[in-house]
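Using the numbering used here, read the sequence shown as starting at 48 and increasing by one per residue.
Glycine included, each C-beta is placed from N, C-alpha and C at the ideal position.
Structure first, commentary second.
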Amino acid sequence: MAGGGFSFYAVTIIFRAFLGINMGLWVCTVVYGIQAIILISLHRRFLEKHNSFGRVAISILISIFSSITLITILDFLDKPIDSKNLIISFLVLPALGTGLMTHTIENWQKNREIRSSF
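Below, the structure written as structure tokens:
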């Protein structure tokens, strides 16, 4: 999971850089870095106790929490965000991306376990 978590973090930051290298990129780097550290540290203690659906749901909730943190930081820095872009860019897309990536990692690990049993 640690490799997958850091890979997801790196891809997220690279795609964010395509939107522009500005204050938003640096804020995203910090917030999503914290999210990656939380997910990776939770994996060993907490996430292994849940099934695949639970792990995907938890990662989506952490993504939403991270997005709310990001929005709060941008508001504190007086960076205006219109409400339509706010909902799509900061809440829906990161949560959807996190859910899809976590689901993909879960399926990959499940397939690896099945193949290693033969």
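query                                                                                           : result
Helix, strand or coil at I68 according to DSSP, with G and I counted as helix                   : coil
Buried or exposed by the 16-neighbour rule on C-beta atoms within 10 Å, applied to R162         : exposed
Same chain only: Cβ atoms within 6 Å of I111, ignoring 5 sequence neighbours per side           : A142
Cα-Cα separation between W73 and L89, rounded to whole angstroms                                : 24 Å
Span of the alpha helix (DSSP H) around D125                                                    : Premise fails: D125 is in no alpha helix (DSSP H) and is neither H nor E.
S164 (DSSP reduced to helix, strand or coil)                                                    : coil
Cα-Cα separation, S164 to W155                                                                  : 14 Å
C-alpha gap between K96 and K157, whole angstroms                                               : 15 Å
Sequence-distant residues of its chain with Cβ nearer than 6 Å to V78 (five each side left out) : S113, T116, L117
Whole-angstrom C-beta distance between I85 and I109, which should lie under 8 Å                 : 6 Å
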